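One structure is given below, encoded as structure tokens.
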Amino acid sequence: MNLKKENLKNILNFSELEKLFKNYSLTSGLDVTLYDEDGREVLCVRKKNNICNFAKDNEQCRSKIVSSGKKAAELGSAYIYETPCGLVMCITPLTIDEQTIGYITTGPVVLWDKDDYFLAEFQKKQRKLGIHLAEGEFDLLAVKQMDCAGMTSVSETLTMLVNYMVREERKYIEQRLEISRMNMERMRAAQEMKIRENSASRCVKYPIGLEKELITAVQLGDKTRAKQIINRFLNEIFSFASGDLEIVKAKLYEFTAFLSRSAVEAGAPLSSLTGIIKKNSKLLLENADFSDICRGTVDILDDFLEAVYVSRGKKTTNEHLYKALRYINEHFTENINLDVLAQNIFVSGYYLSHLFRKEMGVTFSDYLSKVRIERAKELLMEGRSVEDTAEAVGYGDGNYFIKIFKKYVGVTPSKYRKSMIE
1295 MNLKKENLKN ILNFSELEKL FKNYSLTSGL DVTLYDEDGR EVLCVRKKNN ICNFAKDNEQ
1355 CRSKIVSSGK KAAELGSAYI YETPCGLVMC ITPLTIDEQT IGYITTGPVV LWDKDDYFLA
1415 EFQKKQRKLG IHLAEGEFDL LAVKQMDCAG MTSVSETLTM LVNYMVREER KYIEQRLEIS
1475 RMNMERMRAA QEMKIRENSA SRCVKYPIGL EKELITAVQL GDKTRAKQII NRFLNEIFSF
1535 ASGDLEIVKA KLYEFTAFLS RSAVEAGAPL SSLTGIIKKN SKLLLENADF SDICRGTVDI
1595 LDDFLEAVYV SRGKKTTNEH LYKALRYINE HFTENINLDV LAQNIFVSGY YLSHLFRKEM
1655 GVTFSDYLSK VRIERAKELL MEGRSVEDTA EAVGYGDGNY FIKIFKKYVG VTPSKYRKSM
1715 IE
């Protein structure tokens, strides 16, 4: 689970986190704030006269938060640091699956006597930061005074509470991430529909190739690959249905039947699938919106995969075909052809070509092109140039890339990028 580029609001349950912060602040008497990895404030429980309210957008403060947060991550524990304005904060890393996704600060406090010298230094540093407070806006004497041991103790307590909540919610974190990605796919699909409607290529076909590829992954118990495909699959179904949720539901209902049959053929007992089928029927008969359908589909897919994984028996999907699909998805950026692929999975090119047509309903070159084009779309949406994108997905000839892209998408790469970014 790669969390580095994810928005924290897609990972954490902010409603529960805010309750935790409020209870912590009430108990400790200290303010608490969550920052992302770039030092941007994401959630805080803070008094109105906290100096951080006046300095939160200050570049020096943000830089200090990031550098101190990285130090805390290196130590794997709370780290006490002096802020640019001369007060003291404690920072702890927020870590999931050994990935630091943000920082939690608590404070500020004072670790020494608030004498005249300290007050003068504070005002000097405040002016240096460009902070000019009116009389009564901030009372330095009201800042809590603590020793280092006490400061570290309360911060580590907060860290343990947050990490406990993260561990308890790990399954829901994964689901929220999947739903977030699916929503992004939905928005992309809606935009692609407009592109297709305005282009000469208006024919949107039901994604049989993706369906077969997903069934292959399910039969082989490949959870990671199956989840990757389901995002693309829902995107294509949404495009196929032109946004009509009833058509989406009908296609998903039909697809569940395919999954059930594939799971049984892969060795899962029919009795283990009854509950999954009932859950799916209930979801598709309810008045669910797209988010509900995404959430339910992810949950149901997990159930199917688990049923296959725990009782894996015979696999009707050809092992050579699966190895070929996996190789293509791992090496599509390279200069591969049917002969190269056949050599790497130790079968003849003729036999491999036959497998693609029989099992997937497409040629090898069509499948490779589709994989490359899907990645090209992602890069173009990130703002990459057409030339860079062509090279990144395995096309040495930019003009050929443009021709292939237009064949599958309906517009040139530059028009697609402009439509998706605007």
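For the sequence shown, this note's numbering assigns the number 1295 to the initial residue and increments by one for each residue that follows.
Glycine included, each C-beta is placed from N, C-alpha and C at the ideal position.
All values derive from a computational prediction rather than experimental measurement.
Distance CB(Tyr1318)-CB(Leu1434) smaller than 8 Å: no
Rounded to the nearest angstrom, what separates Glu1628 and Thr1568 at their Cα positions? 44 Å
In the DSSP assignment, what are the bridge partners of Ile1374? Cys1384
So what does Leu1337 bridge to, in DSSP terms? Leu1328
Provide the residue(s) that pair with Gly1401 in DSSP beta bridges, ordered along the chain. Asp1325
Per DSSP, cross-strand counterpart(s) of Phe1594: Sequence inspection shows Ile at residue 1594; the Phe mentioned does not correspond to that position. Paired residue(s): none; Ile1594 is not in a bridge.
Those runs of the alpha helix (DSSP H) which lie wholly inside the region 1413-1465 and span at least 4 residues: 1442-1462
Val1403 vs Met1445 beta-carbon contact at 8 Å: yes
Grouping DSSP H, G and I as helix and E and B as strand, with all else coil, what is Gly1643? helix
Does the region 1342-1353 come close enough to the region 1372-1386 to have 3 or more Cβ pairs within less than 8 Å? yes
Identify every residue that forms a DSSP beta bridge with Gln1393. Ile1390
Given a cut-off of 8 Å on the beta-carbon distance, is the pair Gly1590 and Leu1579 in contact? no
Report the three-state DSSP secondary structure of Val1542 (helix, strand or coil). helix
Exposed unless 16 or more other CB atoms sit within 10 angstroms - verdict on Phe1640: exposed
Would DSSP call Gly1561 helix, strand or coil? coil
Decide if Tyr1373 is buried, meaning its Cβ has at least 16 other Cβ atoms within 10 Å, or exposed. buried
Tell me where the alpha helix (DSSP H) around Gly1363 begins and ends. 1353-1369
From Arg1620 to Gly1655, what distance separates their C-alpha atoms? 17 Å
With three or more beta-carbon pairs closer than 8 Å as the criterion, would you say the region 1595-1604 touches the region 1630-1650? no
In chain order, what residues of the same chain have a beta carbon less than 6 Å from the beta carbon of Arg1666, not counting five sequence neighbours either side? Phe1626, Val1687, Gly1688
By how many angstroms is the C-alpha of Met1714 removed from the C-alpha of Ala1414? 54 Å
Given that a residue counts as buried once 16 or more other Cβ atoms are within 10 Å of its Cβ, and exposed if not, what is Cys1442? exposed
Mapping the DSSP letters down to three states, classify Phe1658 as helix, strand or coil. helix
Can you say whether Gly1607 is buried or exposed, counting buried as having 16 or more other CB atoms within 10 angstroms of its CB? Because the pLDDT of Gly1607 is 48, which lies under 50, any placement of that residue in the model is unreliable, and the number read from its coordinates should be weighed accordingly. The residue in question, Gly1607, is exposed, as its Cβ has fewer than 16 Cβ neighbours within 10 Å.
Can you find the residues in the same chain that come closer than 8 Å, C-beta to C-beta, to Phe1412, ignoring five residues on each side of it along the sequence? Gly1380, Val1404, Trp1406
C-beta atoms of Lys1341 and Asp1351 nearer than 8 Å: no
What first and last residue would you give for the alpha helix (DSSP H) that runs through Val1680? 1680-1686
Under the three-state DSSP convention, the category Ile1571 falls into: helix
Within the same chain, show all residues whose beta-carbon is closer than 8 Å to that of Ile1743, passing over the 5 residues directly before and after it, in chain order. No answer is possible for residue 1743: it lies beyond the span of the chain, which begins at 1295 and ends at 1716.
Integer Cβ distance of Asn1574 from Ile1594, believed to fall under 8 Å: 5 Å
Using the Cα positions of Phe1315 and Tyr1547, report the straight-line distance between them to the nearest angstrom. 43 Å
Alpha carbon to alpha carbon, how far is Tyr1458 from Asp1583? 32 Å
Using the Cα positions of Gly1677 and Thr1683, report the straight-line distance between them to the nearest angstrom. 10 Å
Collapsed DSSP secondary structure at Arg1496 in the structure displayed: Any reading at Arg1496 must be qualified, since the residue scores a pLDDT of 44, below 50, and its modelled position is unreliable; no value is offered.
Checking 8 Å against the spacing of the C-beta atoms, do Thr1399 and Ile1390 come in under that value? no
Can Val1705 and Gly1692 be called in contact, C-beta distance under 8 Å? no
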